[in-house]
Amino acid sequence: MKTLLKIIGAILVLAIIYAVIAVLAFSKDYHYEKSVVINAPQEKVWPYVGTLKGYNEWDPFSKADKNIVITYSGNGDKLGDSYHWKGDKNVGEGEQSITELIPNQKMSTKLHFIEPFEGDMKANFIVKPEGSGTRVTWMIDNELTPMMKIMKPLMNFNMDKMFSKGLGDLKKLAE
């Protein structure tokens, strides 16, 4: 029994040390990005990347709730256009709006999360020719709270999983 208590105590001490180091060492600025090369010209890829309605055809986050309700403001393809989503506990509630748009090249958005937590995040979608295809790069930027700093490795794992799924679905749609 004493050995078990010592092991549990050691695990707790290590967890506390990791948390303190994470809060002090990890930057509050969070950036994640992933790219895919799609075997199609920019003009064929752009409608899926440069519009909110096109994005929602392959967005893996909203697909986590098959009953999600999405309401658009505008057509989703102009500066200032936005959409509001409300879903179950997996997707929560929030809004995404276009903040920058360069046709066939770049769409930037602001995400505002309402539930399950309040917060803002920026996303960028960059489209560039590469060989006979098109490279799409999806990026997010966020400011981490101390608790989020502790969870950064888990966030990176989840982002990689979701971005890979989304970009894979985009590739299937656009090709």
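Numbered by full-length UniProt numbering, the letters in the sequence shown go through residues 1 to 175 in order.
Just so it is clear, CB atoms sit at the ideal spot from N, CA and C, and this is done for glycine as well.
| query | result |
| --- | --- |
| Alpha helix (DSSP H) containing Y163: first to last residue? | Correcting the residue identity first, residue 163 is Phe in this sequence and not Tyr. It spans K152 to A174 - the alpha helix (DSSP H) in which F163 sits, taken as one unbroken run. |
| The alpha helix (DSSP H) with K53 in it runs from where to where? | L52 to Y55 |
| Should V45 and V127 be called a contact, given that it needs their Cβ atoms to be closer than 9 Å? | yes |
| If you measure between the beta carbons of S82 and Y72, is that distance less than 9 Å? | yes |
| The alpha helix (DSSP H) that contains V49, what's its start and end? | Q42 to V49 |
| Measure from the alpha carbon of L173 to the alpha carbon of each residue in T3, K89, N158 and Y48, then state which is nearest. | Y48 |
| Just mark K171 as buried or exposed, buried being the case when its beta carbon has 16 or more other beta carbons within 10 Å. | buried |
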